[in-house]
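Structure record follows, encoded as C-alpha cells.
Residue numbers (the working numbering), protein chains in the order written: chain A, 31 to 143; chain B, 7 to 119.
Now the structure itself:
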C-alpha cells in the first residue's frame, strides 16, 4: 500500500541553524502539505503546495519557512534560522485532489536546542 | 474564527467496553468533517468522512454521526480493543475558497485490559 514517508524521523539542531525536512508523497498525488504539532497541542496547518507553487499558507508559515519540490518525488520544508519554539513534530501529507483525503507521513520530530 | 472543540480531553475505558467521543465546531460554511486516529508518534489516519447530507457512517467498530444543524459530531467505538488506544482527532473543512482544515485538540483514549 502506498504511503507518505518522511526523513529524518528525529532531527536535533542548534538555535539559529537551518534545517531541511524531507518528504516523499504518494507517487500519483498532486497536492502536498506540511503541518506541525507542538507537544501536547493540536495539529496546525502550515502550507499547501500544488503545481510547484504554494496554494495556501497559515500565519505560522512566515519568511523563515520555505517549501520546495526539487525533483519528481521529494517535497521539502526548510526552516532558515530555527528558534526554540520551532520544536515540534512536523507532518507531511499528500492528496490526489484538493478536497481528497490527505494521507499523512509518520512525522519528523524537530528538537531545537 | 473557525474552531473545533472536542470532549472529553482524555478517556480511560476497559477492553470490550464502548465509548463515545464528541466534537463541536463553528466552521462555516461547512464542507466535511473527518475523524482521524493518531497513534503515539505517528501521523493521523482517517477513519471516516462526513459531508453535510450524511447523518451516520460506519467503519468497522467505528461509527460517526453528524448533526449539521447543531454543528456536532460524535465518534462511537464499539467493543474497544487495546489497539484502540490513541488520540482521536476531529477535523473540519469549510466550503469556499480555502481548503485549510481546522483541527481539534483530540481525545486521548486509553483502553486497559
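The C-beta atom is built at its ideal place from N, Cα and C for all residues, glycine as well.
Handout entry: 7 Å Cβ cut-off: residues of chain A touching residue 66 of chain B
Key = Correct list: empty, because the minimum Cβ distance to chain A is about 17 Å.
Practice task
Classify residue 64 of chain B as helix, strand or coil using the three-state DSSP reduction.
Solution key: strand
Exercise for the section: Please confirm whether residue 80 of chain B and residue 31 of chain B have their CB atoms less than 9 Å apart. Expected result: no
Problem - Three or more C-beta pairs below 8 Å linking the region 12-26 of chain B and the region 126-135 of chain A - result: no
Problem - residue 52 of chain A - partner residues in DSSP beta bridges - result: DSSP lists A:37, A:106 as partners of residue 52 of chain A.
Practice task
Using beta-carbon positions only, say whether residue 118 of chain A and residue 143 of chain A come within less than 9 Å of one another.
Solution key: no
Practice task
Please report the Cβ distance between residue 135 of chain A and residue 49 of chain B, rounded to the nearest whole angstrom; I am assuming they are in contact, meaning their Cβ atoms lie under 8 Å.
Solution key: With a Cβ gap of about 5 Å, residue 135 of chain A and residue 49 of chain B count as contacting.
Practice task
Answer yes if the region 111-118 of chain B comes into contact with the region 88-100 of chain B, meaning at least three C-beta pairs across the two stretches below 8 Å, and no otherwise.
Solution key: A contact exists between the region 88-100 of chain B and the region 111-118 of chain B.
Practice task
Please confirm if residue 74 of chain A has its CB atom under 9 Å from at least one CB of chain B.
Solution key: yes
Handout entry: Whole-angstrom distance between residue 55 of chain A and residue 105 of chain A, CA atom to CA atom
Key = Residue 105 of chain A and residue 55 of chain A: Cα-Cα distance of roughly 7 Å.
Problem - Minimum Cβ-Cβ distance from residue 66 of chain A to chain B less than 9 Å - result: False, the Cβ-Cβ gap to chain B never drops below 9 Å.
Problem - Alpha-carbon spacing of residue 112 of chain A relative to residue 62 of chain B, whole angstroms - result: 44 Å
Handout entry: Assigned secondary structure, residue 111 of chain A (DSSP; H/G/I helix, E/B strand, else coil)
Key = coil
Problem - Contacts of residue 50 of chain B in chain A (Cβ-Cβ under 8 Å) - result: 73, 121, 134
Practice task
Whole angstroms is fine: what's the gap from residue 101 of chain B's alpha carbon to residue 75 of chain B's?
Solution key: 16 Å
Practice task
Please go through the same chain and pick out, in chain order, the residues whose beta-carbon is closer than 8 Å to the beta-carbon of residue 25 of chain B, but skip the five residues on each side of it.
Solution key: 17, 19, 82, 83, 86, 115
Exercise for the section: Report the three-state DSSP secondary structure of residue 157 of chain A (helix, strand or coil). Expected result: This structure leaves residue 157 of chain A out entirely; chain A is present only between 31 and 143.
Practice task
For chain B, find out if any of its Cβ atoms is closer than 9 Å to the Cβ of residue 34 of chain A; answer yes or no.
Solution key: yes
Problem - Separation of residue 78 of chain A from residue 144 of chain A, as counted between CA atoms - result: No statement about residue 144 of chain A is possible, as the shown extent of chain A runs from 31 to 143 and does not include it.
Exercise for the section: Report yes or no: is there a C-beta of chain B within less than 9 Å of the C-beta of residue 124 of chain A? Expected result: no
Handout entry: Where the beta strand (DSSP E) through residue 74 of chain A begins and ends
Key = 74-80
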